[in-house]
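Q: Below: one structure in structure tokens.
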Amino acid sequence: MAMTLGACSTHARERAGVDAAPTVVNGPSADYPMIIGEPFEIEGVKYVPADVMNYDHVGYAAIDGESTIGVTAADRILPLPSYVEVTALDSGRTILVRVERRGPMTNERLVALSPTAMAQLGIADGAPVRMRRVNPPEEMRAKLRAGQEASPRMDTPEGLLVVLRKKLPKAGSVSLADPRQTQVSGSVPAADAIQSIDPTPPAGAASVEVVAEVDAQDAASSPSADELGGETGKFTVQLGAFSVRSNAERLAKKVGGFLVEAGRLTIVRAGHYATRGQAADALAKLQAQGYSDAEIRTLD
Numbered sequence: 001m002a003m004t005l006g007a008c009s010t011h012a013r014e015r016a017g018v019d020a021a022p023t024v025v026n027g028p029s030a031d032y033p034m035i036i037g038e039p040f041e042i043e044g045v046k047y048v049p050a051d052v053m054n055y056d057h058v059g060y061a062a063i064d065g066e067s068t069i070g071v072t073a074a075d076r077i078l079p080l081p082s083y084v085e086v087t088a089l090d091s092g093r094t095i096l097v098r099v100e101r102r103g104p105m106t107n108e109r110l111v112a113l114s115p116t117a118m119a120q121l122g123i124a125d126g127a128p129v130r131m132r133r134v135n136p137p138e139e140m141r142a143k144l145r146a147g148q149e150a151s152p153r154m155d156t157p158e159g160l161l162v163v164l165r166k167k168l169p170k171a172g173s174v175s176l177a178d179p180r181q182t183q184v185s186g187s188v189p190a191a192d193a194i195q196s197i198d199p200t201p202p203a204g205a206a207s208v209e210v211v212a213e214v215d216a217q218d219a220a221s222s223p224s225a226d227e228l229g230g231e232t233g234k235f236t237v238q239l240g241a242f243s244v245r246s247n248a249e250r251l252a253k254k255v256g257g258f259l260v261e262a263g264r265l266t267i268v269r270a271g272h273y274a275t276r277g278q279a280a281d282a283l284a285k286l287q288a289q290g291y292s293d294a295e296i297r298t299l300d
């Protein structure tokens, strides 16, 4: 039976028209060129690989028997290689993973994780997970390329885990992202562009991610003024950073947030919140509205 499944997996990867991404230990250029591949089908479902930045899904993890080393994953859509955060929805533990292969070759699972990734996350085959694409610092990319574990990310708060669990399908996966996703080129950037990569910061650092605007589904579900801790609260929820101030102002008005200037970027935050619990509740509401990149920030 195992030989049959292995053969099916190999044939499916051949139909996908892409092999595993090479693992090379050197500078940022090791992640280029990214491989996209041709559309392919699994069990009657067509998949079209694309360089989509706003990738955010919940579903179930499979163990990838073809990978024996490294914190890696197999995905059906994302470029090879690319980087994702994977969260165990039972515990909230979140790790950084390098996507290097096509898979899983079944519609019942969202992602296939290497044994090392499964162990770092503390889960077994079939565990519920969230997976979203990120742009990590080069230091963490280098560790993953070398087969090492990157530093764990900030655990997902229980308030958000409750929301994410409710979105889980009985099988397979479901997208949490805005359907108006942004596709970008997978071509090799110029050398100076690679050196000036502005990555997503690790937990605790100021975010400079630009997030897509989405319409709030229900203004009543936004955090109320009673939930705020005034201007003295220690916790905020950061929704993103914008190079165009008017876009930031529009989003801040929509969610009842405020603006923070950071160089050429304008950061949108909601709050302040007196406790982390209040911030977690507000975060869950905002992410349920589609602001999937929102995260809690602690003020100094």
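In UniProt numbering, the protein residues as written are 1 to 300.
Cβ coordinates follow ideal geometry from the N, Cα and C atoms, glycine included.
Just so you know, these numbers come straight off a predicted model, no measurement behind them.
#1: Quick check on the DSSP output: the alpha helix (DSSP H) that includes P128 runs from which residue to which?
#2: Give the secondary structure of D31 by DSSP, where H, G and I count as helix, E and B as strand, and everything else as coil.
#3: With a CB to CB cut of under 6 Å and the five nearest residues on each side skipped, what residues in its chain are close to E249?
#4: Around the Cβ of Y32, are there at least 16 other Cβ atoms within 10 angstroms (buried) or fewer (exposed)?
#5: For Q95 and N247, I'd like the C-alpha separation in whole angstroms.
#6: Looking at the secondary structure, which residues open and close the beta strand (DSSP E) in which E100 lies?
#7: So, L164 versus R109, is the Cβ gap smaller than 7 Å?
#8: Under the assumption that V244 contacts L168 (Cβ atoms under 8 Å), give the Cβ distance between them as a whole number of angstroms.
#9: Quick one: which unbroken beta strand (DSSP E) runs of 3-plus residues sit fully inside the UniProt domain "SPOR" (229 to 300)? Chain order, please.
#10: In terms of alpha-carbon separation, which member of P39, T68, E66 lies closest to P79?
#11: When DSSP labels each residue in this structure, what does T68 get in the three-state scheme?
#12: Looking only at DSSP bridge pairs, what is L113 linked to?
#13: Return the bridge partner residues of K143 from the DSSP annotation.
#14: With a CB to CB cut of under 7 Å and the five nearest residues on each side skipped, what residues in its chain are close to A294?
#15: Could you tell me the distance, in whole angstroms, from the CA atom of Q148 to the CA atom of R276?
#16: Could you check where the beta strand (DSSP E) with V86 kicks off and where it finishes?
#17: Considering Cα atoms alone, identify which of A88, G271, R141 is closest to S29.
#18: Please state if the CB of F235 and the CB of T298 are separated by a distance shorter than 7 Å.
#19: Is it true that the CB of D56 sits closer than 7 Å to the CB of S292?
#20: Under the three-state reduction of DSSP, which class applies to E158: helix, strand or coil?
#21: When the Cα atoms are used, what is the spatial distance from A280 to M105?
#22: What does the Cβ neighbour count give for K143, buried or exposed, with the cut at 16 atoms within 10 Å?
#23: Which of helix, strand or coil does DSSP assign to E38?
#24: Measure how close the beta-carbons of A88 and A127 come, nearest whole angstrom, since I'm counting them as under 8 Å.
#25: What's the gap between the Cα of R76 and the Cα of A146?
#26: In chain order, what residues of the same chain have a beta carbon less than 7 Å from the beta carbon of G172, not counting five sequence neighbours either side?
#27: Can you tell me the Cα-Cα spacing of R93 and E85, whole angstroms?
#28: Where does V48 sit, in a helix, a strand or coil, going by DSSP?
#29: Identify, in the order they occur along the chain, each residue of the same chain with its Cβ nearer than 7 Å to the Cβ of R132, setting aside the five sequence neighbours on each side.
#30: How would you call A190, buried or exposed, if buried means at least 16 neighbouring beta carbons within 10 angstroms?
#31: What's the call for S82, buried or exposed, on a 16-neighbour Cβ count within 10 Å?
A: Well, looking at it:
#1: P128 -> not in any alpha helix (DSSP H); beta strand (DSSP E) instead, spanning 128 to 133.
#2: The three-state reading of DSSP puts D31 in helix, counting H, G and I together.
#3: none
#4: exposed
#5: Per the sequence presented here, residue 95 reads as Ile, with Gln not at that position. Straight-line Cα distance between these residues: approximately 31 Å.
#6: 94 to 101
#7: Their beta carbons are not under 7 Å apart, which means L164 does not touch R109 by this criterion.
#8: So it is not a contact: roughly 36 Å between Cβ atoms.
#9: If we require 3 residues or more, the beta strand (DSSP E) runs fully inside the UniProt domain "SPOR" (229 to 300) come out as 235 to 242, 258 to 262, 265 to 273, 295 to 298.
#10: When each option's Cα is compared against that of P79, the closest is P39.
#11: coil
#12: Answer by DSSP bridge pairing, in chain order: I63, A73.
#13: Its beta-bridge partners do not exist; DSSP assigns none.
#14: V237, Q238, L239, L283, L286, Q287
#15: 32 Å
#16: 82 to 88
#17: R141
#18: yes
#19: yes
#20: helix
#21: 35 Å
#22: It is buried - the Cβ of K143 has at least 16 other Cβ atoms within 10 Å.
#23: coil
#24: 6 Å
#25: Using only the alpha carbons, I get a separation of about 23 Å.
#26: Closer than 7 Å at the Cβ level, and outside the excluded window around G172, lie G59, N107, E108.
#27: 10 Å
#28: Assigned with DSSP and collapsed to three states, V48 falls in coil, not helix or strand.
#29: Y55, D56, V84, E85, S292
#30: Summary for A190: the model assigns pLDDT 47, below 50, so the residue's position carries little reliability; its value from the coordinates is reported in the next sentence. Label assigned to A190: exposed.
#31: By the 10 Å Cβ count, S82 comes out buried.
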